[in-house]
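**Student:** So that we are looking at the same thing, I have put the structure below in structure tokens.
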Ligand SMILES: Cc1cc2nc3c(=O)[nH]c(=O)nc-3n(C[C@H](O)[C@H](O)[C@H](O)COP(=O)(O)OP(=O)(O)OC[C@H]3O[C@@H](n4cnc5c(N)ncnc54)[C@H](O)[C@@H]3O)c2cc1C
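In the numbering used here, the protein residues as written are 104 to 505.
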């Protein structure tokens, strides 16, 4: 252990942020023999309880695609998540509240065993923590919020709230949508608020979720029901304009239940029970560059997107997979971990895909936010056309799963 006045500098990579992105990168790089420290301002999360009452489910869940699951399996993390704690879904039903357009996706149509798994974030985090705990080159330092950064010849010198200091040839910002790393070195971003908040929570359905994701496009934004491991329970993600959000979020349980069923309409399962809820502001942020001298941003620190397609952490895990692979191949060829060639290769590969996904989400958001009768007609016709064309549906599904 070094004292707070010393700088720990015998590292290859310093990762700021021990979320899903930071811990998966630490695991991937630790396995390649890199020496890693991860710092996080929060205390170490407690091991999730096994209880299954309404209040025991994590309010933040992610729809992990088969590609993300395959990466987590390679890291040895997926195996640490009990199979009876993930909601494996085979079908997805999407419809427009203002018309008759609807589209259904079924894993069978593309001969896939499933479309994805809904997983509580804290289970994914715990599974990754179990991996890093067994990775000899990785140390996670909790309660060490990033305070300041100075660039030196040896890399970025980082000072934490605890007074502890670190310096590594490569620093990775994996510190989420409000990245302090990005802010401290003034990396430019393109960002805008949707002036919306998402209400998330756990609810019980009257007749079960049938391993199906349900998503209705309301004029205020999408409302999704994501099937949990319990056959009756789903996680909701309900995006609402700010004024409407403030009203609905403040409703007592019985009135919220009524408002939720009214918003879902007649084509959705009936919600019969309500658990705790929380709200998150929704914004789209994209760093103009993901890299600087000896520094790289990954996942939400580089790009945070509207949750309407549930792609946030899937894009983040793809960033991690590509960065880890570039750094490992650089090491094999004798390159420095901070070699700009490696960082540029990572940026080039990831920016294109992330921008395409963000543009698609933005187009969706604008199209479904419009009450113009022509836009309503166009999207309903579009839904029905896609639904009737099996090749188009297959194409959409394959894009969403890769
Ligand atoms: C309402 C909502 C619903 C969502 N639904 C989905 C979904 O269905 N599917 C999906 O894929 N994604 C979804 N997302 C997005 C997903 O949650 C994020 O993409 C994902 O959590 C990002 O992971 P991350 O590791 O980059 O960041 P985070 O999970 O935000 O982790 C960042 C870490 O950095 C730490 N940190 C922050 N600041 C500092 C600092 N100064 N010093 C040290 N440490 C710091 C934090 O403590 C935290 O541990 C949703 C998001 C929201 C808001």
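Ideal Cβ positions, reconstructed from N, Cα and C, are used throughout, including at glycine.
Is residue 354 helix, strand or coil by DSSP?
**Tutor:** Along the chain shown, one-based indexing puts residue 354 at 251. Three-state result, residue 354: coil.
**Student:** State buried or exposed for residue 211, treating a residue as buried only when at least 16 other CB atoms are found within 10 Å of its CB.
**Tutor:** For the purposes of this step, residue 211 is identified with residue 108 of the chain shown, where counting begins at 1. Label assigned to residue 211: exposed.
**Student:** So does residue 340 have its beta carbon nearer than 7 Å to some heavy atom of ligand 1?
**Tutor:** As a first step, residue 340 is located in the chain shown; it is residue number 237 there, counting from the start. Within the cutoff, so yes.
**Student:** List the DSSP bridge partners of residue 213.
**Tutor:** For the purposes of this step, residue 213 is taken as residue 110 along the chain shown, with counting starting at 1. DSSP lists no partner for residue 213.
**Student:** In chain order, which alpha helix (DSSP H) runs of at least 4 residues are fully inside the segment 251 to 324?
**Tutor:** 283 to 287
**Student:** For residue 328, which beta-bridge partners are listed by DSSP?
**Tutor:** One-based indexing of the chain shown puts residue 328 at position 225. In the DSSP output, where bridge partners are listed per residue, residue 328 has 317, 339.
**Student:** Return the residue from the list 296, 110, 233, 133 that minimises the CA-CA distance to residue 423.
**Tutor:** As a position in the chain shown, residue 423 is number 320, starting the count at 1. Out of 296, 110, 233, 133, 133 has the C-alpha closest to the C-alpha of residue 423.
**Student:** Between 118, 371, 219, which lies nearest to residue 259 when the distance is taken from Cα to Cα?
**Tutor:** The residue you call residue 259 lines up with position 156 of the chain shown. Residue 259 has its Cα closest to that of 118, out of 118, 371, 219.
**Student:** My assumption, with CB atoms under 8 Å, is that residue 346 sits in contact with residue 354. Please give the rounded CB distance.
**Tutor:** Here residue 346 refers to the residue found at position 243 when the chain shown is read from its first residue. Here residue 354 refers to the residue found at position 251 when the chain shown is read from its first residue. Contact between residue 346 and residue 354 is ruled out by a C-beta separation of about 14 Å, above the 8 Å threshold.
**Student:** For residue 159, I'd like the list of residues in its chain whose CB is within less than 7 Å of its CB, leaving aside the five on either flank, ordered along the chain.
**Tutor:** Position 56 of the chain shown, counted from the start, is the residue given in the question as residue 159. 152.
**Student:** Report buried or exposed for residue 453, applying the criterion of at least 16 other Cβ atoms within 10 angstroms of its Cβ.
**Tutor:** Locating residue 453 in the chain shown gives position 350, counting from the first residue. With 16 or more other Cβ atoms within 10 Å, it is buried.
**Student:** Taking Cβ positions, are residue 391 and residue 292 nearer each other than 8 Å?
**Tutor:** Here residue 391 is taken as the residue at index 288 of the chain shown, counted from 1. Here residue 292 is taken as the residue at index 189 of the chain shown, counted from 1. The answer is yes: Cβ separation under 8 Å.
**Student:** Among the residues of its own chain, which have a CB less than 8 Å from the CB of residue 294, if the five just before and after it don't count?
**Tutor:** Here residue 294 corresponds to residue number 191 of the chain shown, with the count starting at 1. Listed in chain order, the non-local C-beta contacts of residue 294 below 8 Å within the same chain comprise 386, 387, 388, 389, local neighbours out to five positions each way being set aside.
**Student:** Rounded to the nearest angstrom, what separates residue 433 and residue 303 at their Cα positions?
**Tutor:** Counting from one through the chain shown, the residue named residue 433 turns up at place 330. Counting from one through the chain shown, the residue named residue 303 turns up at place 200. Cα to Cα, residue 433 sits roughly 41 Å from residue 303.
**Student:** Would you call residue 415 buried or exposed, if buried means 16 or more other Cβ atoms sit within 10 Å of its Cβ?
**Tutor:** As a first step, residue 415 must be located in the chain shown, where it is residue number 312. With 16 or more Cβ atoms within 10 Å of its Cβ, residue 415 is classed as buried.
**Student:** On the DSSP bridge assignment, give the partners of residue 424 in chain order.
**Tutor:** On the chain shown, position 321 is the one that residue 424 refers to. In DSSP, residue 424 forms no bridge with anything.
**Student:** Starting from the C-beta of residue 278, find all residues in its chain whose C-beta is less than 6 Å away, skip the five residues before and the five after it, and write them out in chain order.
**Tutor:** Start at 1 with the first residue of the chain shown, and residue 278 comes out as number 175. Excluding sequence neighbours, residue 278 sits near 119, 120, 284, 404.
**Student:** Just to confirm the assignment, what range does the beta strand (DSSP E) spanning residue 408 have?
**Tutor:** Here the question's residue 408 lines up with position 305 in the chain shown. Note, residue 408: premise wrong, no beta strand (DSSP E); not H, not E.
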